[in-house]
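Participant:
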Amino acid sequence: MSKRSLYIWVFVFFACIYSFFSIGHYGGDGYEDYLTAESLVLDGNTALYDRPDDPDELEYKTGAGIKGKDGRIYSSGRKLGVPILIAPLYGAGHLVSYVFKQAPHDHITMMFASFYNPLVTAAGVLLVLMISIHLGFKRRLLVVVAFLYGLTTMTMVYTRTGFADPTLVVFLLLTAYFLITYSKNPRMVYLAWASLSMVYCVLTKVNGLIFLPCFIVYLMWVSWEKGQTVSERLKPVLFFVILTSLLTACALKLESMTFGGISSLDRARAAGGAIRILEADHFLKGVYYYLFSPGKGFLIYNITLIPAFFAVKKIFKLRNKEAILFFLIFIVNLVFYAKSFRRGSLFSWGPRYLLPSVPFMSFLVGYFLEDAKSVFKKTVMWLLSLTGFAIMLPCMMVNQSKFYFFVVEKLKLDEYLINFIPDLSPIKGAWSMLISRLAYDLGGAELPFVFDPDYRLVGDPVTYLMEGYNYLDLWSLKVIQLAPAFGPYVNAVLGILILSAFVALYKIYRNRDAVFACEAPKEDRYVKRIRP
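Going by this note's numbering, the sequence shown wraps up at 545, each residue one higher than the last.
#1: Is the beta carbon of ALA116 less than 8 Å from the beta carbon of LEU495?
#2: Identify every run of the alpha helix (DSSP H) within the segment 412 to 487, keeping only runs that are complete inside it and at least 4 residues long; order them along the chain.
#3: Helix, strand or coil: which one does DSSP assign to TYR87?
#4: Give me the Cα-Cα distance between MET169 and ALA403, rounded to the nearest whole angstrom.
#5: I'd like to know whether the C-beta atoms of VAL25 and VAL138 end up nearer to each other than 8 Å.
#6: Name the DSSP beta bridge partners of LYS3, please?
#7: I need the straight-line Cα distance from PRO372 to ASP294, nearest angstrom please.
#8: What residue from PHE296, LYS197 and PHE381 has the CA that sits closest to PHE150's CA?
#9: Which whole runs of the alpha helix (DSSP H) in the segment 366 to 405 are 4 residues long or more, in chain order?
#10: Reducing DSSP to helix, strand and coil, say where LEU61 ends up.
#11: Could you check which residue in GLY274, SER353 and MET211 has the C-alpha nearest to that of LEU297?
#12: Given ARG85, which residues of its chain have a CB within under 6 Å of its CB, disregarding the five upstream and five downstream residues?
#13: My assumption, with CB atoms under 8 Å, is that TYR103 sits in contact with VAL54. Please give the rounded CB distance.
#14: Given a threshold of 16 other Cβ atoms within 10 Å of its Cβ, counted over all protein chains shown, does TYR5 qualify as buried or as exposed?
#15: Whole alpha helix (DSSP H) runs in the segment 271 to 342 with 4 or more residues, listed along the chain?
#16: Can you grab the Cα-Cα spacing for the pair LEU132 / LYS239, in whole Å?
#17: I need the boundaries of the alpha helix (DSSP H) containing VAL54, first residue and last residue.
#18: Looking only at its chain, what residues have a beta carbon closer than 7 Å to the beta carbon of HIS107, apart from the 5 residues adjacent to it on each side?
#19: Does the Cβ of THR165 have 16 or more other Cβ atoms within 10 Å, making it buried, or fewer, making it exposed?
#20: Taking the straight line between their C-alpha atoms, what separation do you get for SER15 and ILE21?
#21: Please confirm whether GLY363 and TYR301 have their CB atoms less than 8 Å apart.
#22: Suppose you measure from the CA of THR134 to the CA of TYR171; what does that come to, to the nearest Å?
#23: Which class does ILE36 belong to by DSSP, given the choice of helix, strand or coil?
#24: Count the other CB atoms, across all protein chains shown, that sit within 10 Å of the CB of THR261; report buried if there are 16 or more and exposed otherwise.
#25: Please state whether the Cβ-Cβ distance between GLY94 and LEU216 is less than 8 Å.
#26: Between the C-alpha atoms of LYS423 and MET405, what's the straight-line distance to the nearest angstrom?
#27: Going straight from the alpha carbon of SER608 to that of VAL345, what length do you get?
#28: Anyone know if the C-beta pair for ALA336 and ILE328 falls short of 8 Å?
#29: Can you confirm whether the segment 476 to 490 touches the segment 411 to 418 when touching is taken to mean that 3 or more C-beta pairs between the two stretches lie within less than 8 Å?
#30: Could you tell me the alpha carbon to alpha carbon distance between ASN524 and LEU19, rounded to whole angstroms?
#31: Taking 7 Å as the limit between beta carbons, can you name the residues of its chain near GLU72, skipping five residues before and five after?
#32: How many Å lie between LYS334 and ALA498 at the Cα?
#33: Kindly examine the ligand COA and report whether one of its heavy atoms sits closer than 7 Å to the Cβ of GLY299.
#34: Can you tell me the Cβ-Cβ gap for SER35 and ARG173, rounded? I've got them flagged as a contact below 8 Å.
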C-alpha cells in the first residue's frame, strides 16, 4: 500500500465512523461559531441578530454574543478560525434547504455544520499517522497509534460537540508536523508553513499561544544540532519567531476589525489573565481536578494514555527531542490550566482544556509500545484500550451533557460535585443513561439511577428515573423524527457510511504488513537517538 492510499483509507474510516455518530445540532460555546458562520454565508459579516425577520431563526439564538464598539452584537469568543471552516458546510446546507423544503432551514444548516468536528477530527487522526511515520515507528505500530488516539481517548466524544478544541488540535499537529519535517529536511518553507499553522491556532483559540514556547525550544534544539555557526543556528529560530509574531499581530488586528473593534487578546484582558494566573494559590487543586478527579481526570478519561508516563524516563535518557517536545506540550497545557483553574468546562466530557495534549501523549504511548516485548505489557495495553473505548462508547449515542442537568435538576446537587463524588462520575452517568434508554425501548421499563455515595452521610439511597435525559441523540434519528418521509434517504446515507468504513478497515488491515513504503525516508529511519 502506498503512503497516499494509507492516508486516504485511514481518513475515510474515521470520517465515516465519526459522521455516523454525529449529533446533528450545536450547543454551548460552539453555538456562537455556528451563528458567526451563518452571518458569513448569508450576510458577508460576523454580526449576529442582523436578520430579525428571518422566520427560520431558532428560538434559543436569543442572548448569545457581546456588543462591539460599533453597537452590533458579535460572538463572545471573537474568533474567526472555526466559523471560516464551518461556512462551506453551512453553505451546503443552505443550498440543500431549497430542495428539502419540508424541514426548517436552520435545522438543515445546523445538521450540515455539525459534521465539521467529525471531519476535522478525522483529519487529526490522519496527522497523527503522518507524524508517526516521521518518528520512525515500526510497521504495524503506525496504524496502532492512530487507532488508539482516534477510538480510545476522549477525542472521539468531541466529534459530537461544537467546541473549537478539535480544530486547535489539528493546527497544533500541523505545526508539529512541519517542524519535524524541517528537522529531517531543513527547508525554510516548512518553517513558513509551521508559522501559518501556529497563527491559525491563535485564530481558533487565543490560548493556543501557550504552546508556542514549546515549538521554539524544539526548533532551537534542532538548529543547534544542524548549525555549525551561531548565525546558522539562530537563523531558522529567528525566522520562525519573527514570522509567527508578525502574522499573529496581523491576525489579531483582522479579528478586531471583523468583530466591531473588540479582540480576544486586548491589553486589559491579557494583563488581567496574567495577574490572575500568577497570583493563583490553587495549583494543587487544579492538578487534582485535571488529572485525577472523577469528573475531569485526564488519566481517567484517557486511560489508554497511562503507559505514556512509563516512557518518559527513557525518552529523557535517550534525549529524543521529538518525544520531549510532546511531553513538554502536556506539561505546559496542564500547568497553565491548573494555575488558571476555574470551574470551567463543567458541561464538557472530561478535561476539555487538556484535549490538545491527547495526540502528543499518544505518540509517547507509541514509544512505550516499541519496547513492549513482554506478554504482560501487551495484555495491559489491550485491556487499557478496551477500557478506554468502553468509557467513550455511551457518549457516542446519548448526550452526555444531559447528565449534568440531571444532577442539578433531579438530584438537586451542584454539578461541581462530579469532581469529588465517584457516584456522580459522568462515566457512570453516561452508561446509566444508555442502559436505562435501552431497557425502556426493549422492555418498556426504565432502570432508575441510584445515588448512594455513603449511607452514613446521606442516609437511604436516592433513586430517580432518567426520563427526559436519556434519549438517543443522533443526527439520523433527529431527521427521521422531524421529517419521517426522509427515512429512506437517511438509511441510505447510514448504509454508505457503514459500507465505506468496512471497506476502509479491510484495506488497512489487508495491507498492514505493506506499510514499509510509509515509514520515514531511509536517511531518517535510522536516526540515532543517543547522542555520541
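Glycine included, each C-beta is placed from N, C-alpha and C at the ideal position. The model shown is predicted, which means the values in this text are computed figures rather than measured ones.
Facilitator: On the basis of the supplied data:
#1: yes
#2: 414 to 422, 439 to 456 and 468 to 471
#3: strand
#4: 12 Å
#5: no
#6: Here the chain comprises residues numbered 14 to 545, so residue 3 is not present and cannot be evaluated.
#7: 30 Å
#8: PHE381
#9: 370 to 383 and 388 to 405
#10: strand
#11: SER353
#12: ALA60 and GLY273
#13: 5 Å
#14: The chain is shown only over 14 to 545; residue 5 falls outside these bounds and no answer can be derived.
#15: 280 to 291, 296 to 304, 311 to 314 and 325 to 331
#16: 37 Å
#17: 43 to 55
#18: VAL54 and THR122
#19: buried
#20: 10 Å
#21: no
#22: 8 Å
#23: coil
#24: buried
#25: yes
#26: 24 Å
#27: Residue 608 lies beyond the range of the chain shown here (14 to 545); nothing can be said about it.
#28: yes
#29: yes
#30: 9 Å
#31: Bear in mind that the predicted position of GLU72 carries a pLDDT of just 49, short of 50, making it unreliable; the figure below should be weighed with that in mind. Nothing listed; no residue qualifies.
#32: 57 Å
#33: Here there are no bound small molecules, and the ligand COA is not part of this structure.
#34: 7 Å
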